[in-house]
Amino acid sequence: MSSVTSLAYDYPLLGAFWTMLLLFLWVMWFVLLFRVVADLFRDDELGGWAKTGWLVFVIVLPFVGVFVYVVARGRNMGRREIAQARARQEAFDSYIRETATGHGGQAGTADELHRLSEIRSRGDLTDEEFDRAKELMLSGHGAGHTH
């Protein structure tokens, strides 16, 4: 127990600061390395051999390879990332639109039935007129949509 407490006294505050700084820089370098590798695979302008060359350069000489990549191709890294984010957002939006319109017939029928029931509750429609309108609406929407 005394060896653990003496370790805290033997390790100065400046040493702890430098250790935290080096740990932070090491983690940031790994983040940069993964971003470079992801950017390599994201880039459609590079051919297969160019991607392989950059990947080997980044793996064999990691620090130099990453920094040379950032200097040589770093300007467009952000643009490619933004383009990919836009493409994902557009794909998500189109999926939402397709999903909403795919079930829009059922939702539209439910809305129309709700409006008809409100009109009937106000007394503007009789029960017979409501039933006839409901049958027409359900048969008209059912024949036009196949699910």
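Heads up: the sequence shown begins at 1 in the UniProt record's numbering, then just goes up one per residue.
Built from N, CA and C at the ideal position, the CB exists for glycine as well.
Note that the structure is predicted; figures quoted are calculated from it, not measured.
- Burial check for Val27: the Cβ neighbour count within 10 Å stays below 16, so the residue is exposed.
- Here the stretch 33–50 makes contact with the stretch 61–81; the two share three or more CB pairs at distances below 8 Å.
- Cβ-Cβ distances below 8 Å link Arg35 to Met77 in the same chain, with the five nearest sequence neighbours on each side left out; the list follows chain order.
- Under the rule that a run must span 4 or more residues, the alpha helix (DSSP H) segments found entirely inside the stretch 44–111 read 48–60, 62–73, 77–102.
- Membership of Gly15 in the alpha helix (DSSP H) is indicated by the continuous run 13–42.
- Taking a C-beta distance under 8 Å as the contact criterion, Val66 and Val60 do not qualify as a contact pair.
- Nearest to Lys134 by C-alpha distance, out of Leu125, Leu113, Glu118, is Leu113.
- With contacts defined by Cβ atoms closer than 8 Å, Arg80 and Asp43 form a contacting pair.
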